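Residue numbers (UniProt numbering): 1 to 345.
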Ligand code: NCD
Ligand code: ZN
């Protein structure tokens, strides 16, 4: 196959940041994607519907004029989140989901949830009104090995929560393990998972072999090869419970290339080319549209995009910048370590 036309994709997990970084990166998403779920982990975080309205306006203003793009807003769940505010946000059509960051799990998550009991009133309301909860599925317990944090989260947090509130719709975001994939497959309903581009391509060797490579460091951290293969099988299966959430998370180079580098990989600009490559390798190009453009909208109860995009396979590799320049600083672009031949026309 040399050419593939699919519904315009959406990104169900994206970090756009704010200010100069937002200006510098939003076009790399809005060029390709019709919509994206926007992560609320700004400093300070997007906690109230009012915060989300203001942030949404800043995003819309930053989108290049020639692109059409709809940001889907989320609220950052805290132990003090007001259930009425969340319900108002849903009723006005502005809030698509609420995001649970276990406190300390990742970038700008210190204001997240320490004691899930304290968030139960909000979670109960969300279950009642059908508003999905997006979870960063890792425990933060210091005793738990970083490579086991997703599996332990499923057993000790997610499964008990889903037993307690079976009506709550939960998106397990950026699934990175076989355990996560199997857990989602085992659920009869109200559970789905997003998978990033980079977790389909790298395993933990990319971060650690031959030197420490900070531009492959993200959270949840990439796991061993067997997990990557499970993710590829899930993404390319056509199973409607799995869809794309790039987790494209730009940080300026000095914040990644230092003694304590930030987690986050910037993939917005070459995600569709990377995914076409992966799906072709898996003999599953016919499943790409489900993963990028159909399963996500179905899960979030939205229509799929009317427009289409066409991917074309070129003889010569398609070139992407290795770094982008923003007014906030330079951001390194994800290097899949193989040439990309699929181009979005
Ligand atoms: C994200 C970020 O930088 O905001 N980083 C990451 O490694 N994915 C936060 C997150 O989604 O965990
Ligand atoms: Zn993220």
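Even glycine gets a Cβ: it sits at the ideal position worked out from N, Cα and C.
Keep in mind that this is a model prediction, so the values were computed, not measured.
Residue i classed as buried or exposed, judged by whether at least 16 other C-beta atoms fall within 10 angstroms
i, result
"residue 129", "exposed"
"residue 30", "buried"
"residue 305", "buried"
"residue 289", "buried"
"residue 283", "exposed"
"residue 208", "exposed"
"residue 84", "exposed"
"residue 145", "exposed"
"residue 295", "buried"
"residue 321", "exposed"
"residue 179", "buried"
"residue 110", "exposed"
"residue 106", "buried"
"residue 212", "exposed"
"residue 1", "exposed"
Member of the options whose CA lies at the smallest distance from the CA of residue i
i, options, result
"residue 181", "226, 343, 82, 69", "226"
"residue 243", "259, 184, 256", "184"
"residue 263", "273, 248, 276, 277", "248"
"residue 162", "196, 147, 325, 133", "133"
"residue 58", "19, 77, 283, 92", "19"
"residue 366", "270, 95, 284, 310", "Residue numbering for the chain in the displayed model covers 1 to 345; residue 366 lies beyond these limits and cannot be assessed."
"residue 96", "76, 2, 274", "76"
"residue 171", "24, 299, 237", "299"
"residue 291", "302, 275, 283, 306", "275"
"residue 331", "94, 267, 287, 245", "267"
"residue 117", "152, 258, 78", "78"
"residue 231", "273, 17, 210, 199", "199"
"residue 345", "314, 14, 152", "314"
"residue 121", "136, 228, 80, 62", "80"
"residue 341", "87, 320, 316", "316"
"residue 189", "196, 197, 168", "168"
"residue 27", "3, 9, 68, 49", "68"
"residue 49", "74, 239, 149, 235", "74"
"residue 297", "229, 151, 13", "13"
"residue 63", "152, 34, 82", "34"
"residue 359", "10, 257, 219", "Past the boundaries of the shown model lies residue 359; the chain is included only from 1 to 345, so the question cannot be answered."
"residue 192", "238, 218, 210, 148", "238"
"residue 236", "252, 197, 110", "197"
"residue 337", "216, 228, 246", "216"
"residue 228", "175, 287, 126, 259", "175"
"residue 265", "273, 277, 258, 252", "252"
"residue 126", "158, 159, 165", "165"
"residue 7", "54, 318, 311, 280", "311"
"residue 241", "177, 3, 187", "187"
"residue 91", "112, 123, 131, 115", "131"
"residue 135", "124, 147, 113", "113"
"residue 66", "53, 32, 93, 89", "32"
"residue 214", "72, 233, 5, 250", "250"
"residue 147", "86, 61, 319, 218", "218"
For residue i, the three-state DSSP class (helix, strand or coil)
i, result
"residue 231", "helix"
"residue 300", "helix"
"residue 54", "helix"
"residue 138", "coil"
"residue 266", "strand"
"residue 329", "strand"
"residue 65", "coil"
"residue 102", "strand"
"residue 337", "coil"
"residue 86", "helix"
"residue 374", "One cannot answer for residue 374 here, as it falls past the ends of the chain, which runs 1 to 345."
"residue 5", "strand"
"residue 77", "coil"
"residue 179", "helix"
"residue 107", "coil"
"residue 191", "strand"
"residue 97", "strand"
"residue 318", "coil"
"residue 345", "coil"
"residue 310", "strand"
"residue 292", "helix"
"residue 171", "strand"
### Query
Where are the alpha helix (DSSP H) runs, 4 residues long or more, that stay fully inside the region 11–47, in chain order?
19–30
### Message
Can you confirm whether the region 39–57 touches the region 316–331 when touching is taken to mean that 3 or more C-beta pairs between the two stretches lie within less than 8 Å?
### Response
no
### Task
Report the residue ranges of all beta strand (DSSP E) runs contained in full by the region 193–253; include only those spanning at least 3 residues, in chain order.
242–244
#### Entry: Three or more C-beta pairs below 8 Å linking the region 218–225 and the region 193–204
yes
### Query
Going along the chain, which unbroken runs of the alpha helix (DSSP H) with 4 or more residues stay wholly within the region 109–168?
120–129, 149–153, 159–164
### Query
Are at least three pairs of beta-carbons, each pair with one atom in the region 136–148 and one in the region 86–102, less than 8 Å apart?
yes
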